[in-house]
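Here is the structure we will look at, set down as structure tokens.
2 protein chains.
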Amino acid sequence: MPSPITDLHAYLEAHDLFHKTIELKRGDYLHHAGETNTNIYYVAKGTLRTYVFVNDEEQVIRFGYQGDYVAAMDSFINGKPTILYSQALRKCTVRMIRKTEYMAQLAADPELARLWQKITSWMITGQLEREIDLLTNDPAERYRRVFERSPQLFQEIPAKYIANYLRMTPETLSRIRSAIPPDPST
Amino acid sequence: MPSPITDLHAYLEAHDLFHKTIELKRGDYLHHAGETNTNIYYVAKGTLRTYVFVNDEEQVIRFGYQGDYVAAMDSFINGKPTILYSQALRKCTVRMIRKTEYMAQLAADPELARLWQKITSWMITGQLEREIDLLTNDPAERYRRVFERSPQLFQEIPAKYIANYLRMTPETLSRIRSAIPPDPST
DNA sequence: CCGTTTTCTTGAGCCAAATCAATTTTCACG
DNA sequence: CGTGAAAATTGATTTGGCTCAAGAAAACGG
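One line per chain: the protein sequences are A and B, in this order. Residue 48 is where the first sequence starts when you use our numbering, and the numbers rise one by one after that. Residue 48 is where the second sequence starts when you use our numbering, and the numbers rise one by one after that.
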């Protein structure tokens, strides 16, 4: 199942829905918990992590790479303050879409409505994968599952965030990686 | 945020989209892995669990109570074989909706389209909650979080399935429950 | 209502991953 | 480049939840 994100992006470009461009430096936030931020952001360049505090610990929910869309999705959906943080892991260029403009277009154009239906369905199946990852008991198996699905993840992003995303400590991830014979083809 | 499920249900009743009624006895399956099942089921009576095999272990993904909708959502979304099992935990009466009929109605009626948009958004925020639950390290804390959100869960469903849903053994759940002083108000 | 099966509870021991700690390596930035 | 800070690695130790086991309680179905 190919990601419908590229179709969405083509549509948004064609209909000129990007509102402004934002430059972030390492450590900057796109949004933070407590803030009501209903925008959608397109990552033109760079990488971000989206995390949440659970019991005083940061927990990575997802990463945003070049070409991805990032949002405080809870805030976008219900218009209330988000619980999420999205932080630049390096210099980023992101382009913003305002919810009001997006929703107006969504109501006006059935083509976008169909596209959006695909996107949300795709997000739901993606979350099912994520849930299965998190339900996997063995840390090495969690690593393997995610690595097979998104090997590129491990190029750009510091291991400590990946470890956190995989629900393990950086020490455990390091030991797992050293235990697995390196693939000569990569 | 109130669940938009009741609105959906009212709509489906009003437009007579239920195709047939199915009776299940304890242990029966609504669908199983490998099968392509694109139907949506309304739980008129009873309770079910939806689970998936991960590394030869059953892992509960969600429960379906009276008034809920249950589906092999991966199959519904992409039309391919599901990886999910939905099994009756007791005698159930479920009513079926065929995807083809549902999709036809979705394409024909903007009211249903709007309703469906709400439903999918609501599912996405629900999944975010679930993800946070699963990322919580302390088992007692996972229990507390889910219990506060859905206390009714612990009435109908055998503890061993709840434990599995909470990513812990039945022994651990039992010990957590005996450690927490019972609430006299309930 | 009774008998059988399933589930729950409790205890003991173990083990894998967390924690703690120290060094090495890498990387960002001047 | 070179320097300082951040990240990764490696080892030692601890510990919390799992496994195994046995008995008690509860629930199902006839």
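Glycine included, C-beta positions come from ideal geometry on N, C-alpha and C.
Quick one: residues in its chain with C-beta nearer than 8 Å to the C-beta of residue i, no 5 flanking neighbours on either side, listed in chain order?
i, result
"A/A80", "V99, F100, P128, T129, I130, L131, Y132"
"B/F194", "L200, F201"
"A/E148", "L64, H66"
Return the chain-ordered list of same chain residues with a C-beta closer than 7 Å to the C-beta of residue i, the five sequence neighbours on each side being excluded.
i, result
"B/V90", "G111, Y112, Q113, G114, D115, V117, C139, V141"
"B/S232", "Caution is warranted here: a pLDDT of 42 is assigned to B/S232, below 50, making its placement in the model unreliable, and the coordinate value is therefore given only provisionally. Answer for B/S232: no residue qualifies."
"A/D230", "Unreliable placement is indicated for A/D230, whose pLDDT of 49 sits below 50; no coordinate value is reported for it."
"A/I204", "T94, F110, L136"
"A/Q106", "Y98, V99, N211"
"A/N86", "A118, M143, I144, R145, K146"
Any Cβ of chain A within less than 8 Å of the Cβ of residue i?
i, result
"B/Q106", "yes"
"B/I124", "yes"
"B/E195", "no"
"B/L182", "yes"
Does chain B have any CB closer than 8 Å to the CB of residue i?
i, result
"A/D121", "yes"
"A/P231", "Because A/P231 carries a pLDDT of 44, less than 50, the predicted location of this residue cannot be relied on, and no value is offered for it."
"A/D185", "yes"
"A/E70", "no"
"A/D63", "no"
"A/E188", "yes"
Starting from residue i, follow the alpha helix (DSSP H) in both directions and report where the run begins and ends.
i, result
"A/R196", "186 to 196"
"B/I130", "First-last for B/I130: undefined, no H or E at that position."
"B/R161", "157 to 182"
"B/I124", "120 to 125"
"B/E203", "200 to 203"
Considering just the uninterrupted stretch of the beta strand (DSSP E) at residue i, what are its terminal residues?
i, result
"B/G234", "Past the boundaries of the shown model lies residue 234 of chain B; chain B is included only from 48 to 233, so the question cannot be answered."
"B/L95", "95 to 101"
"B/I52", "No beta strand (DSSP E) holds B/I52; the alpha helix (DSSP H) holding it covers 52 to 61."
Please find out if some non-hydrogen atom of the ligand HEM comes closer than 7 Å to the beta-carbon of residue i.
i, result
"B/R109", "As presented, the structure is devoid of all ligands, the ligand HEM included, so that no description of it is given."
Per the DSSP calculation, residue i is bridged to which residue(s)?
i, result
"A/K72", "Per DSSP, none; premise fails for A/K72."
"B/Q152", "According to DSSP, B/Q152 bridges with nothing at all."
"A/R214", "Answer by DSSP bridge pairing: none, since A/R214 is not bridged."
"A/T140", "A/E70, A/K92"
Which same chain residues end up closer than 6 Å to residue i when comparing Cβ atoms and leaving out the 5 residues on each side of it in sequence?
i, result
"A/I223", "A187, Y190"
"A/W169", "P51"
"A/K165", "P51"
- prompt: In the region 149 to 180 of chain B, which residues sit with their C-beta less than 7 Å from some C-beta in chain A, listed in chain order?
  reply: A160, T167, S168, M170, I171, T172, Q174, L175, R177, E178, I179
message: Tell me which residues of the region 81 to 106 of chain A have at least one Cβ-Cβ distance to chain B shorter than 9 Å, keeping chain order.
response: V99, V101, N102, E104, Q106
- prompt: Mind listing which residues of the region 205 to 221 of chain B have their C-beta closer than 8 Å to chain A's C-betas, in chain order?
  reply: R214
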